[in-house]
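To start, the structure under review is shown below, and the notes come after it.
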Amino acid sequence: MASLAGVDPENESERRLSWPVLLLTLAAVTSSSLSALSLYQLVVLHAEVEGLKSEVCRRRQDGQDSRHRGQMDTVCAKTSSLETLRRSESEQASLLTRKKRMTGEEILVSQPCLQLLPNSSRAVSLKVFYRDIQIIMGHMVIRWKTSVVGNEAPHVVLFRCIKNMRHEFSYNTCYTGGIVKLESGDHLEMLIPRKTANISLDGESTFMGAIKLI
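With the sequence shown counted from 1, adding 249 to any position gets you our numbering.
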């Protein structure tokens, strides 16, 4: 009883309360430090992401420019090749023709592809009159993109048409058409896999066109 009488109850209570307060204070300081560290890491990560985005956009733009130049060179080379093939009667099938009236005269103009200006949906229509007696004849309508994103292909096959050419009646007409979404600068090309395909070059029996939809 003598020893217990020498202990101050108030001091003992203060010592008991000081430990929880100290632990809470330490936890608050630790939490604040971790929050500040996390915020700093988040800011650094955001800056790195923005830098990577800028680098990716720059490289993508450079890639699109180089692909666009390559596509235009390819289209021009194909157009030049088709103009040369037009001089040979046996290889005239790789050309499309249309008639224009200029200064009162009919002029036959070679048009292997169409270039579209405004972004819009187009109703594309194509007709080819085959004169071959091969077993199978046909063609494809290809869209050459003016802008390519990532690893996507620079061209898309829009339509295909295949005809079974019978010996007893081999003059067959193959129709192709549909509605497609096109961008400014895109090219549409009609491709016949057979270079020696015999087709009618009359503007009313063989043609390709695109009509803007409102």
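Heads up, the beta-carbon is just placed ideally off N, CA and C, and yes, glycines get one too.
Thr425 sits close to Phe408, with the two beta carbons spaced by under 8 Å.
The alpha-carbon separation between Arg380 and Ala446 amounts to approximately 8 Å. For His404, the three-state secondary structure derived from DSSP is strand. Residue pairing for Arg392: DSSP places it in a beta bridge opposite Val405, Leu437. Residue range 456-461 is occupied by the beta strand (DSSP E) that includes Lys461. Under the three-state reduction of DSSP output, Val305 falls in the helix class.
Among the bridge pairs identified by DSSP, Arg371 is matched with Val429, Lys461. Beta-bridge annotation (DSSP): Met386 is paired with Lys412. Here Lys461 is near Arg371, since their CB atoms are less than 8 Å apart. The three-state secondary structure of Thr279, taken from DSSP, is helix.
In its chain, beyond the 5 residues on either side, no residue has a beta carbon closer than 6 Å to the beta carbon of Leu272. The beta carbons of Asp451 and Lys394 sit no closer together than 8 Å. Under the three-state reduction of DSSP output, Thr422 falls in the strand class. Val377 carries a strand assignment under DSSP once its states are collapsed to helix, strand and coil. Pairing Val377 with His388 gives a Cβ-Cβ distance under 8 Å.
Distance from the CA atom of Ser454 to the CA atom of Ser396, rounded to whole angstroms, is 33 Å. Taking every protein chain shown into account, the CB of Lys412 has 16 or more other CB atoms within 10 angstroms, so this residue is buried. Proximity to Arg415 across Lys302, Ile385, Val298, Ser303 peaks at Ile385, based on C-alpha coordinates.
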